[in-house]
Structures are given as C-alpha cells and as structure tokens.
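There are 2 protein chains.
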Amino acid sequence: MNMPDLIHDGDSAAAVSSLRSAVMLLGRRLKHQRVDESLSPTEMSVLGTLARCGSATPGELARKEHVQPPSMTRIVALLEAKGLVRLEPHPDDRRQKMVSRTEQAEAMLAESRSKRNAWLANLAEGLDEDEWEKLRAAAPVLEKLAHL
Amino acid sequence: MNMPDLIHDGDSAAAVSSLRSAVMLLGRRLKHQRVDESLSPTEMSVLGTLARCGSATPGELARKEHVQPPSMTRIVALLEAKGLVRLEPHPDDRRQKMVSRTEQAEAMLAESRSKRNAWLANLAEGLDEDEWEKLRAAAPVLEKLAHL
DNA sequence: AGTGGTATTTAGCATTGCTAATGAGTTACG
DNA sequence: CGTAACTCATTAGCAATGCTAAATACCACT
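The listed protein sequences derive, respectively, from chains A and B.
According to the numbering used here, the first sequence is numbered sequentially starting from 946.
According to the numbering used here, the second sequence is numbered sequentially starting from 946.
Here's what the structure looks like:
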C-alpha cells in the first residue's frame, strides 16, 4: 500500500481540478491542430505508438490506445487505405495480423513534428521561461500517468 | 516579440511531442471518468466555467470553451433540461440570454470534485512524491496554456 | 423606416467511439 | 484425435458530439 496521502490535502485537490480541466480543454484544442488534414488525432496517436513499438497487432494497439478492438479495426483500415501502415500475417497465429508503419508514415511523422512545434511555440510565447521549465519537467510524468 | 527560443532545441521538441500525446491520451481517459453518468465532459466543463464566471451568455460560453455557438446552444439546452442551469432574459439585449447555475448544479459540482480526486488518487498511486510535485507545479501552467 | 451587423437557433451532416454478434483459428482436456 | 471453450479480428448498427449553412430575431445607426 503505502499511499502517502499525495493528493488528499486541499492544495492538491485544487491541482487535480485544475489539471483535469486544463488537460481536457487543451486536448480539445489540440484536436483541431492536426498536421495532416486527412489524419484524425487517434490515427496520429496510433502512428506514434507504432513509432515506439515497431509493430503490433490490432489488439495490442487497441489496449495501448485505450479504445475497443472494433474501433482499432477501423482506424487501421483507414491508415492502410492511406498507405501509412502495412498489414502482414502473424507468424505464429493466423487470427492476428502485424501492423507496421510504411516509409510514407515515417516521413509524415517527421514533418508533423516540426509543424506541431511551430503551433505550440506560438502558444508558448505567452509563457515565461520558468513556466515552460515546469511544463518540460511534467511532460514525462503526464505521459506516465496517461499510460497507467 | 522576444521569443526566447524556449522550445527550439531538441530536448524541448521531445517534450512537446510527449506533452501532446500525453494530454490527448489522458483527455480520452478522463472523458470516460465522468462523475455523473448523464453528464458529458463538455457539459461538465461549461458548469465549471459558470462556476468561475457566475453567469454568461451562450456566445461568451462558446468562446470560452472553444466550441461554435450552435454547439453551445445544444449543450445549454441539455443542461437546462437537466435542471442544472437557469436561463433568464438579458437585461439590455433581447437577442441574448443569461445562463447561470442552479443550486442543484452547485451540489453536483461539489460531489464531483471528491469523486474525481478519488479516481486520480488511485491513478497517482503509481507516481512517487517527486513526480506528483512536478505535476502540481505544472497544473497552473497547463491551465494558462489551455486558455491562451 | 431601412440597412447592415450580431446573437441565437434550426437543420443536416461528419467523425468517432461504443456494444453485440459473427467468423476464423487456437488451445486444452477428455 | 476431437470437441469445447476461448481469443482475435471484424461486421453491423447505434449514440454522442462537434461542425457548417441558413434562418430568425433583434439592435444600432442613418
């Protein structure tokens, strides 16, 4: 156990509230800042996951993205239609498939990174150095939290 | 101007990427953690905004929530049907309406806060004190960023 | 009165997630 | 072996939620 009462004081309760609304609002705004107009945020996220994993089955992807398998089926189908992922038969299990990125996806991801940076840089002009530093420190924690 | 190159080094580019995917994924998961099953995340957010503003017109709410006016019309209508907001004629302009919370909404928001805390507390068991501290420091910055 | 601009709403549509049910393939157990 | 139970992916149908375009009601200024 050893739950050190991290968030049970009033201060942290306020932080939780603040965090929740900020994450949801920022998420909604990020949704509209898509780099490639024809690529949905979730599709983008799947490509990002594939960038980390190399390749995975649809089921694995669904679990990692916290969507249901049927949703992932559609997402993968759309990505394949756009030439961004490749589907190959699973070596050991003929029910499953291996999904991996194409070179085209690789290029797109690289380009997208710079565009995202530009957008966030523009937004970040309203932050001072100290604030930005706090954000940088928190980024990996947020990521861990999101995947918990 | 004075854009102090906050995010133009490689390190910060990675932070931006990490931040973006974490915010989007966490947002998706938060969406499912609704306190009141009958209340959508955006409806919740509108009530939160009203908590800060006291009352506002639909147009003001739409701007603050970064949705289009027609979307806000529907959200307000749903909230009114649930007895969570009150609509009154605008004192000076008969085109507009004043939207404000009811006592019922007040009670629900109070209850929701503790439930959210419980959920996040559960998630935060996977974080150590240091990580949580970083999150607390970043929360107000994220909020500022989201509203920029 | 008339004209142009603004706030809200209505109508219709696209996106994107879900659940339930189906089909194919694998695994375990008698 | 062979069948029963389970798992993975998919199909079909649905619900939520945001959007744009057009309509309506109203204000403000000439």
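Yeah, the Cβ is synthetic: ideal placement off N, Cα and C, and Gly gets one too.
Remember, it's a predicted structure, so these values are computed and weren't measured experimentally.
Asked: Pick out whichever of B:Val1044, B:His1011, B:Ala1050 and B:Lys1009 has its Cα sitting closest to the Cα of Lys1027 (chain B).; Found: B:Ala1050
Asked: Can you give me the start and stop residues for the alpha helix (DSSP H) that Ser1016 (chain A) sits inside?; Found: Pro1014 to Ala1026
Asked: Can you give me, in chain order, the residues of the stretch 989-1003 of chain A that have a beta carbon less than 9 Å from any beta carbon in chain B?; Found: Met989, Ser990, Gly993 and Thr994
Asked: Can you pull the DSSP bridge partners for Lys1042 (chain B)?; Found: B:Pro1034
Asked: Span of the alpha helix (DSSP H) holding Ser990 (chain A)?; Found: Pro986 to Cys998
Asked: Note down, in chain order, all residues in the stretch 961-977 of chain B with a beta-carbon under 9 Å from any beta-carbon belonging to chain A.; Found: Val961, Ser962, Ser963, Leu964, Arg965, Ser966, Ala967, Val968, Met969, Leu970, Leu971, Gly972, Arg973, Arg974, Leu975, Lys976 and His977
Asked: Closer than 8 Å, CB to CB, is Pro949 (chain A) near chain B or not?; Found: Residue placement at Pro949 (chain A) is poorly supported in this model, since its pLDDT is 49, which falls under 50; the coordinates still yield a value, given next. Cβ-Cβ to chain B under 8 Å: yes for Pro949 (chain A).
Asked: Thinking C-alpha only, which one of B:Asp981, B:Leu1023, B:Leu975 and B:Val1030 is nearest Gly999 (chain B)?; Found: B:Val1030
Asked: When you compare each of A:Val1086, A:Glu1025, A:Glu988 and A:Pro1034 to Val1012 (chain A) by their alpha carbons, which one comes out closest?; Found: A:Glu988
Asked: Would you call Arg1039 (chain A) buried or exposed, if buried means 16 or more other Cβ atoms sit within 10 Å of its Cβ?; Found: exposed
Asked: Should Ala1084 (chain A) be flagged as near chain B, meaning a C-beta pair shorter than 8 Å?; Found: yes
Asked: So if I threshold CB-CB distances at 8 Å, which residues from the stretch 1062-1075 of chain B count as touching chain A?; Found: Asn1062, Leu1065, Ala1066, Leu1068, Ala1069, Glu1070, Gly1071, Leu1072 and Glu1074
Asked: At 8 Å on the CB atoms, spell out the chain A contacts of Leu1080 (chain B), in chain order.; Found: Ala960, Leu964, Ala1083, Val1086, Leu1087 and Leu1090
Asked: Can you name the residues of chain A whose CB is closer than 8 Å to the CB of Pro986 (chain B)?; Found: Met969
Asked: On the DSSP bridge assignment, give the partners of Ala1001 (chain A) in chain order.; Found: A:Val1044
Asked: So that I know if they touch, is there some Cβ in chain A lying closer than 8 Å to that of His929 (chain B)?; Found: The question about residue 929 (chain B) has no answer here: the residues shown for chain B are numbered 946 through 1093.
Asked: Arg1058 (chain B) and Leu995 (chain B) look like a contact to me (Cβ under 8 Å); what is the Cβ gap, rounded to whole Å?; Found: Going by Cβ atoms, the distance from Arg1058 (chain B) to Leu995 (chain B) rounds to 15 Å, so no, they are not a contact pair.
Asked: Are the C-beta of Leu1093 (chain B) and some C-beta of chain A separated by less than 8 Å?; Found: yes
Asked: Consider the Cβ of Arg1019 (chain A): report whether some Cβ of chain B lies at a distance smaller than 8 Å.; Found: no
Asked: Give me, in chain order, the residues of the same chain whose beta-carbon lies closer than 8 Å to that of Asn947 (chain B); leave out the 5 immediate sequence neighbours on both sides.; Found: Model confidence at Asn947 (chain B) stands at a pLDDT of 45, short of 50, so the residue's coordinates are unreliable and nothing is read from them.
Asked: For Ser963 (chain B), which option in A:Gly1071, A:Leu1032 and A:Glu1088 has the closest C-alpha, if you only look at C-alpha atoms?; Found: A:Glu1088
Asked: Hey, would you say Val968 (chain B) sits closer than 8 Å to Leu1006 (chain B), going by beta carbons?; Found: no
Asked: For the alpha helix (DSSP H) that contains Glu1076 (chain A), what are its first and last residues?; Found: Glu1074 to His1092
Asked: Can you check which of these residues, B:Ala960, B:Ser966 and B:Ser990, is closest to Met1053 (chain B) by C-alpha distance?; Found: B:Ser990
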